[in-house]
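Asks: Quick note on this note's numbering: the sequence shown kicks off at 1 and runs consecutively.
Sharing a structure, written as C-alpha cells. Questions coming.
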Amino acid sequence: GRLKNRLLVAREQRNRQQAVDEMVASIEATSPKGAKYKGVIETSTKGERRNAFWRGIAAAHRKLSSFIRQFDGFEAGGPAYNYIIRPLDERTEWENEEKAKSTMRLIKIWGRYSAKEQRHNAGTKIYIPALGTSLTKAGMIAVALNWGNATNRQRLMGEEEKGGYGWNSNQIAGEGGILDHLDQRDWDFVQEIWDYFEEFWPEIEAKEKRISGVAPEKVEAMPVETKFGMYRGGYYPIKYNRELDQDAFKHFADEIAEDMKMGAYARAMTKHGFTKERVKGNVNSPVRLDLGVIFEHINEVIHDLAFHEVLVDMGQYLNHPKFRKAINNHYSNQVLTNIQEIMRDIAVGYIPATWEGDRFIQHVQSGTTIAGIALNMGTVVLQPMGLTQGMKLIGIRWVFQGMARFFYGGHGMERGIKWIHGKSIMMKNRGEHLNREIDEVKNKVQREHMVEGISGPIGETYFYMIVKAQMLADVPIWLGMYEKIMERGVKGKEVDEATAIAMADRAVKESQASGNMMDLAKVQRGAPTWKLFSTFYSFFSASYQLMHESWVKTKITHPLSIGRLAVDYLLIVALPVAMETIVRGVMLRGECDGGDDMECVGQKLIQNQAAYMIGMYMGLRELSGVFQGFHGYDGPAGSRIFAEAGKLLKQVQQMELDRALARSLNQVGGILLHWPATFNQRIIDAFWDASEGKEVRPTAPLFGQARK
Numbered sequence: 001g002r003l004k005n006r007l008l009v010a011r012e013q014r015n016r017q018q019a020v021d022e023m024v025a026s027i028e029a030t031s032p033k034g035a036k037y038k039g040v041i042e043t044s045t046k047g048e049r050r051n052a053f054w055r056g057i058a059a060a061h062r063k064l065s066s067f068i069r070q071f072d073g074f075e076a077g078g079p080a081y082n083y084i085i086r087p088l089d090e091r092t093e094w095e096n097e098e099k100a101k102s103t104m105r106l107i108k109i110w111g112r113y114s115a116k117e118q119r120h121n122a123g124t125k126i127y128i129p130a131l132g133t134s135l136t137k138a139g140m141i142a143v144a145l146n147w148g149n150a151t152n153r154q155r156l157m158g159e160e161e162k163g164g165y166g167w168n169s170n171q172i173a174g175e176g177g178i179l180d181h182l183d184q185r186d187w188d189f190v191q192e193i194w195d196y197f198e199e200f201w202p203e204i205e206a207k208e209k210r211i212s213g214v215a216p217e218k219v220e221a222m223p224v225e226t227k228f229g230m231y232r233g234g235y236y237p238i239k240y241n242r243e244l245d246q247d248a249f250k251h252f253a254d255e256i257a258e259d260m261k262m263g264a265y266a267r268a269m270t271k272h273g274f275t276k277e278r279v280k281g282n283v284n285s286p287v288r289l290d291l292g293v294i295f296e297h298i299n300e301v302i303h304d305l306a307f308h309e310v311l312v313d314m315g316q317y318l319n320h321p322k323f324r325k326a327i328n329n330h331y332s333n334q335v336l337t338n339i340q341e342i343m344r345d346i347a348v349g350y351i352p353a354t355w356e357g358d359r360f361i362q363h364v365q366s367g368t369t370i371a372g373i374a375l376n377m378g379t380v381v382l383q384p385m386g387l388t389q390g391m392k393l394i395g396i397r398w399v400f401q402g403m404a405r406f407f408y409g410g411h412g413m414e415r416g417i418k419w420i421h422g423k424s425i426m427m428k429n430r431g432e433h434l435n436r437e438i439d440e441v442k443n444k445v446q447r448e449h450m451v452e453g454i455s456g457p458i459g460e461t462y463f464y465m466i467v468k469a470q471m472l473a474d475v476p477i478w479l480g481m482y483e484k485i486m487e488r489g490v491k492g493k494e495v496d497e498a499t500a501i502a503m504a505d506r507a508v509k510e511s512q513a514s515g516n517m518m519d520l521a522k523v524q525r526g527a528p529t530w531k532l533f534s535t536f537y538s539f540f541s542a543s544y545q546l547m548h549e550s551w552v553k554t555k556i557t558h559p560l561s562i563g564r565l566a567v568d569y570l571l572i573v574a575l576p577v578a579m580e581t582i583v584r585g586v587m588l589r590g591e592c593d594g595g596d597d598m599e600c601v602g603q604k605l606i607q608n609q610a611a612y613m614i615g616m617y618m619g620l621r622e623l624s625g626v627f628q629g630f631h632g633y634d635g636p637a638g639s640r641i642f643a644e645a646g647k648l649l650k651q652v653q654q655m656e657l658d659r660a661l662a663r664s665l666n667q668v669g670g671i672l673l674h675w676p677a678t679f680n681q682r683i684i685d686a687f688w689d690a691s692e693g694k695e696v697r698p699t700a701p702l703f704g705q706a707r708k
C-alpha cells in the first residue's frame, strides 16, 4: 500500500501513472507498424507457432537498451530511457563503484597476511585435539567470525543427533579448542570484518524504511573473550554448507527457483534475506567454514542496495496493464517476456554454480578467455576499430570532434582521461566491465587471490593492453556524445551536465559492449553450459543491435533511407572488417604475400565480411570458420578444451616431440591452468620457424605469421 502509484527512484517528479502514460504515448507514436499484434490471443496454428518462435529468437538477440531506444523512436533521451534505462544505469554504476571500493577495502584487510601465508591458511590443515580432527587456519577464522553473536553460535554448534557439526562451546572456545589456535593478528582480522559488515547497516536500515516503513531487526553483537583481550563481536552471515547437507542444498536451490519464479511474474526483487529477522530456535544444518562467505555477502548487500528500489519501480511499470498492453500490441508478447526476464536476471545477478559440472565449465570458460585474449596483441589492435560503430551511433562529426579533443598531445590525453574519470563513474571503472568475459574472469580471480592466496597478473597485466587500447575508441565516443548533448540538448531542449554524462556513458556501452547484466542480451545470459556458445560474442552483440536498429528505421521505398542504411552498414561491418583484414591480416601477419596478391586480399575481404555478418547470430556463428576457409569444426569457442584435449591425446599417442605436440600442450594448459596460450603460441611458432631456417617476420612473435 505504501508504494501504490509511487516511484522510488524516478528523477523527475512523476508518479507511476504519469510515467506509464508518457512511455505508452511514445510507443504508440513511434511504432513503425502500428498495433501489429493487437488482437493476437493465441498461436494455435503451425504458422503462428513458427512466427512466434522466430520472434522469440530475434528478441533473445536484443538488449534492453535496444528495445528502449525503439520504444522512444530512436530519439535520445525519450521517456522510456528516462524511466527505465537511466535509473538502471545509475544503479549499475553505483554498484560497480561500491564493489571496487569493497575490493580495495578487503585487499587492505587481507594485507595483514602475505600471499604465502594466505596459501598456507587456505591449504594446510592443523590438528585440533579437542575436536579429534583437523581444520585449516581459514576454517578456524570462519569459526571465529561465527562466534560474534548468539544466533551464529547456535547455528555453528548445532545438535549432533540432528545435524550440524555437533560441537560444544568448550571444543570451540575452550583451552585447546578451535579458537585457541588463533593469534592476535587473526582476531584483529576477524574484528575488522565484523566492523566492515557493521558499516552497511545504516544504508540497509534506511532503504528498508523507505520501502516498508519498518527497519529490520538488527543482530546484536556478543563479546568474545580471547587470550589477547575482549573483542566486541559482530554480525556474520549464516550460509549453510550445501556439500555436507542435502537440506542446505535444497534450500539454496529453492531460493534460486523462487527468484526465477518471481521474475517470471515481473516482480523481480534482489536477494535481501540478510535484512530478514533470523529464524528462531535451533537450526542444525552445518554452516560454511570458508572465507568466500565474506565476498558473497558483501556482493549481495551491495547488489540489494543498488537495485531493490529501482526494481520496485520496474515492477510497477511491467505490471501496469496499459504498459504491458502497449508492448504486446506493438512489439509482441515475446518482447514483453524478454524484458521481464532481463529484470529477473538483474535482480538475481550472477547465479553461482550449483554442481561440479557447472564449476568445471566456469573454470574452462575463464581459461578460454585467458588463453585466447590475454596479452594477445592481435586483439589489442582491433579495439580502436570500434570507433566506426560510435560514428554510426552518435554521428561521424561528433566522433571526430571527440578524437580531436582527446588526441591533442600526450599531456592533453592524460588530462582528458582524468577529467572524464572525475565526471563518469562508468568510465573510471570501464576496464573491469569491457565485456562479459573479462568481467567474469576479473571477479573470479580477485576473489581467489584473497581467499586462497592465488597470486597472478590477471588484473594488472593480462588484459591491461586491451583495456588501454579500448580507450582509443571509448574516450572519443564519450567526449563526442558529451559535447553533442551539451551543445544541442535533447530534442532541442537544454539539459544539465548530469544528463550529458549519462548519455555519453550509454553511447560507449551501446557502441562498444559492456559486461554489466543489464547490457547483455538473453543469448549472453543464463547457465554456464549455455554461455559456452556465447564466448567472445560481446562485440558481435553490440554490432547486431546497431544493425537491427538501422534496418528497423529504414523505409524500403525511400531512396534516402536506403542510402542511410548503406552508410550504417559500411560503418558497422564493412570498414572495421576491412581494417582488420588489412592491418592485422595483411600488414602484421603477412597474409596474401604481404598484400602483393590482390586477388587473395579481395577473397579475404569477402570471406571475413561474410564470417562477421553471421557471427552476430547464435548458432550460425559456429559456421563462420567455413566462410574463412577453415576445415573441420571444433565446437563453440567456449568448449575448445574438448577439441584441444582430443588433439593432445592424439599427439601423445604418436610419441613424438614436434610442433603439434607443443601446440596441444600449450593450448590445453592455457585453458586448464589459465595462462595466455595464444600469446605463448606465437612465440613458440616464431622460435620453431627460425630453428627450421624459415623466414620469420619481425611482427610474428606478437601477431603470428601467415602459413602457406
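Cβ coordinates follow ideal geometry from the N, Cα and C atoms, glycine included.
Since the model is a prediction, treat every value here as computed from it, not as a measurement.
Going along the chain, which residues of its own chain have a beta-carbon closer than 7 Å to the beta-carbon of residue 266, five neighbours each way excluded?
Replies: If you number the sequence shown from 1, residue 266 lands on position 266. Residue placement at residue 266 cannot be trusted, given a pLDDT of 36 that sits under 50; what the coordinates show is reported in the next sentence. Around residue 266: 315, 318, 319, 340 and 343.
Asks: Tell me which residues share the same chain as residue 478 and place their Cβ nearer than 8 Å to its Cβ, disregarding the 5 neighbours each side in the sequence.
Replies: Counting from 1 along the sequence shown, the entry for residue 478 is found at position 478. The residues are 402, 420, 424, 427, 504, 505, 507 and 508.
Asks: Tell me which residues share the same chain as residue 332 and place their Cβ nearer than 6 Å to its Cβ, disregarding the 5 neighbours each side in the sequence.
Replies: Residue mapping note: residue 332 aligns to position 332 of the sequence shown, counting from 1. Counting only Cβ-Cβ distances below 6 Å, and skipping sequence neighbours, we find 37 and 55.
Asks: From this set, 136, 580 and 522, which residue's C-alpha is nearest residue 64's C-alpha?
Replies: Reading the sequence shown from its first residue, position 64 is the one you call residue 64. Measuring from the Cα of residue 64, the nearest candidate turns out to be 522.
Asks: How about the stretch 644–655 and the stretch 562–573: do they share at least three Cβ pairs that are nearer than 8 Å?
Replies: Because the criterion of three Cβ pairs below 8 Å is not met, the stretch 644–655 and the stretch 562–573 do not touch.
Asks: Identify the residues that DSSP records as bridge partners of residue 135: which are they?
Replies: Counting from 1 along the sequence shown, the entry for residue 135 is found at position 135. Residue 135 is bridged to 126.
Asks: So, under 8 Å CB-CB, residue 338 and residue 542 are touching, yes? Tell me the CB distance rounded to an integer number of Å.
Replies: Here residue 338 corresponds to residue number 338 of the sequence shown, with the count starting at 1. Here residue 542 corresponds to residue number 542 of the sequence shown, with the count starting at 1. Actually they are not in contact, since the Cβ atoms of residue 338 and residue 542 sit about 18 Å apart, beyond 8 Å.
Asks: Tell me the residue span of the beta strand (DSSP E) that contains residue 314.
Replies: The residue labelled residue 314 in the question sits at position 314 within the sequence shown. Run containing residue 314: none in the beta strand (DSSP E); it sits in the alpha helix (DSSP H), 292–318.
Asks: Return the chain-ordered list of same chain residues with a C-beta closer than 6 Å to the C-beta of residue 545, the five sequence neighbours on each side being excluded.
Replies: For this step, residue 545 is matched to residue 545 along the sequence shown. So the list reads 63 and 66, once near-sequence residues are dropped.
Asks: Take the Cβ of residue 525 as the centre, count every other Cβ of all protein chains shown within 10 Å, and call the residue buried at 16 or more, exposed below.
Replies: The count along the sequence shown starts at 1 and reaches residue 525 at position 525. Looking at its Cβ environment, which holds 16 or more other Cβ atoms inside 10 Å, residue 525 is buried.
Asks: Looking at C-beta atoms only, is the number of pairs between the stretch 168–187 and the stretch 216–228 that lie closer than 8 Å three or more?
Replies: Result yes; three or more Cβ-Cβ pairs closer than 8 Å.
Asks: Determine, using beta carbons only, whether residue 400 and residue 24 come nearer to each other than 9 Å.
Replies: Taking the sequence shown and counting its residues from 1, the one referred to as residue 400 is at position 400. Taking the sequence shown and counting its residues from 1, the one referred to as residue 24 is at position 24. Cβ distance not < 9 Å, so residue 400 and residue 24 don't count as in contact.
Asks: Take residue 26 as the anchor and find which of 7, 83 and 613 has the nearest alpha-carbon.
Replies: Here residue 26 is taken as the residue at index 26 of the sequence shown, counted from 1. Ranking the options by Cα distance to residue 26, first place goes to 83.
Asks: Whose CA, out of 672, 9 and 21, lies closest to the CA of residue 321?
Replies: On the sequence shown, position 321 is the one that residue 321 refers to. Of 672, 9 and 21, the residue nearest in Cα terms is 21.
Asks: Please report the straight-line C-alpha distance between residue 282 and residue 384, rounded to a whole angstrom.
Replies: Taking the sequence shown and counting its residues from 1, one reaches residue 282 at position 282. Taking the sequence shown and counting its residues from 1, one reaches residue 384 at position 384. In this predicted model, residue 282 has a pLDDT of only 49, less than 50, meaning its place in the structure is not dependable enough to derive any value.
Asks: To the nearest angstrom, how far is the alpha carbon of residue 437 from that of residue 175?
Replies: Within the sequence shown, residue 437 is the residue found at index 437, counting from 1. Within the sequence shown, residue 175 is the residue found at index 175, counting from 1. Taking the straight line from one Cα to the other gives about 49 Å.
Asks: Taking the beta strand (DSSP E) that residue 225 belongs to, which residues open and close that run?
Replies: The sequence position of residue 225 within the sequence shown is 225, counting from 1. From DSSP, the beta strand (DSSP E) with residue 225 extends over 224–226.
Asks: Run through DSSP, which three-state label would residue 81 get?
Replies: The residue given as residue 81 occupies position 81 in the sequence shown. DSSP places residue 81 in helix when its eight states are reduced to three.
Asks: Counting Cβ pairs, one atom from each stretch, are 3 or more of them under 8 Å apart for the stretch 116–127 and the stretch 135–146?
Replies: Contact holds: three or more Cβ-Cβ distances are below 8 Å.
Asks: Return yes when the Cβ of residue 552 is within less than 9 Å of the Cβ of residue 77, no when it is not.
Replies: Mapped onto the sequence shown, residue 77 falls at position 77. Mapped onto the sequence shown, residue 552 falls at position 552. Against a cut-off of 9 Å, the Cβ pair of residue 552 and residue 77 comes out as no contact.
Asks: With a 10 Å radius around its C-beta and 16 neighbouring C-beta atoms as the bar for buried, classify residue 596 as buried or exposed.
Replies: Taking the first residue of the sequence shown as 1, we reach residue 596 at position 596. Label assigned to residue 596: exposed.
Asks: Which residues share a DSSP beta bridge with residue 240?
Replies: As a position in the sequence shown, residue 240 is number 240, starting the count at 1. Partner(s): 287.
Asks: For the putative contact between residue 394 and residue 484, defined by C-beta atoms under 8 Å, what is the C-beta separation to the nearest angstrom?
Replies: Along the sequence shown, read from residue 1 onward, the residue named residue 394 stands at position 394. Along the sequence shown, read from residue 1 onward, the residue named residue 484 stands at position 484. That pair is a contact at about 6 Å.
Asks: Quick check: the Cα distance between residue 168 and residue 158, rounded to an integer number of angstroms?
Replies: For this step, residue 168 is matched to residue 168 along the sequence shown. For this step, residue 158 is matched to residue 158 along the sequence shown. So the two alpha carbons sit approximately 9 Å from each other.
Asks: Rounded to whole angstroms, what's the CA-CA distance from residue 497 to residue 642? Just pull it up for me.
Replies: As a first step, residue 497 is located in the sequence shown; it is residue number 497 there, counting from the start. As a first step, residue 642 is located in the sequence shown; it is residue number 642 there, counting from the start. Rounded to the nearest angstrom, the two C-alpha atoms are 51 Å apart.
Asks: Rounding to the nearest angstrom, what Cα-Cα distance links residue 94 and residue 88 in this structure?
Replies: To locate residue 94, count along the sequence shown from 1; it is residue 94. To locate residue 88, count along the sequence shown from 1; it is residue 88. So the alpha carbons of these two residues sit roughly 10 Å apart.
Asks: According to the neighbour-count rule (16 or more other Cβ atoms, all chains shown, within 10 Å of its Cβ), is residue 703 buried or exposed?
Replies: Position 703 of the sequence shown, counted from the first residue, corresponds to residue 703. Looking at its Cβ environment, which holds 16 or more other Cβ atoms inside 10 Å, residue 703 is buried.
Asks: Here's a check: name, in chain order, each residue in its chain whose Cβ is nearer than 6 Å to the Cβ of residue 495, leaving out the five neighbours to either side.
Replies: Position 495 of the sequence shown, counted from the first residue, corresponds to residue 495. Taken in chain order, the residues that qualify are 489.
Asks: Please state the DSSP three-state secondary structure of residue 38.
Replies: As a first step, residue 38 is located in the sequence shown; it is residue number 38 there, counting from the start. In this structure, residue 38 counts as coil in the three-state DSSP scheme.
Asks: Distance check for residue 190 and residue 723, CA to CA, integer angstroms please.
Replies: Here the chain has residues from 1 to 708 only, and residue 723 is not among them.
Asks: Between which two residues does the beta strand (DSSP E) carrying residue 372 extend?
Replies: For the purposes of this step, residue 372 is identified with residue 372 of the sequence shown, where counting begins at 1. Premise fails: residue 372 lies in the alpha helix (DSSP H), 356–373, not in any beta strand (DSSP E).
Asks: Cα separation between residue 193 and residue 537?
Replies: One-based indexing of the sequence shown puts residue 193 at position 193. One-based indexing of the sequence shown puts residue 537 at position 537. When rounded, the distance between both Cα atoms is 38 Å.
Asks: Find the nearest neighbour of residue 519 within the set 468, 90 and 359, judged by alpha-carbon distance.
Replies: Within the sequence shown, the letter at position 519 stands for residue 519. With distances taken between Cα atoms, residue 519 lies closest to 90.
Asks: Measure how close the beta-carbons of residue 380 and residue 465 come, nearest whole angstrom, since I'm counting them as under 8 Å.
Replies: Taking the sequence shown and counting its residues from 1, the one referred to as residue 380 is at position 380. Taking the sequence shown and counting its residues from 1, the one referred to as residue 465 is at position 465. With a Cβ gap of about 5 Å, residue 380 and residue 465 count as contacting.
Asks: Using the Cα positions of residue 591 and residue 611, report the straight-line distance between them to the nearest angstrom.
Replies: Reading the sequence shown from its first residue, position 591 is the one you call residue 591. Reading the sequence shown from its first residue, position 611 is the one you call residue 611. Straight-line Cα distance between these residues: approximately 17 Å.
Asks: Mind checking who residue 230 pairs with in its DSSP beta bridge?
Replies: Translated into the one-based positions of the sequence shown, residue 230 becomes position 230. Answer is 225, bridged to residue 230.
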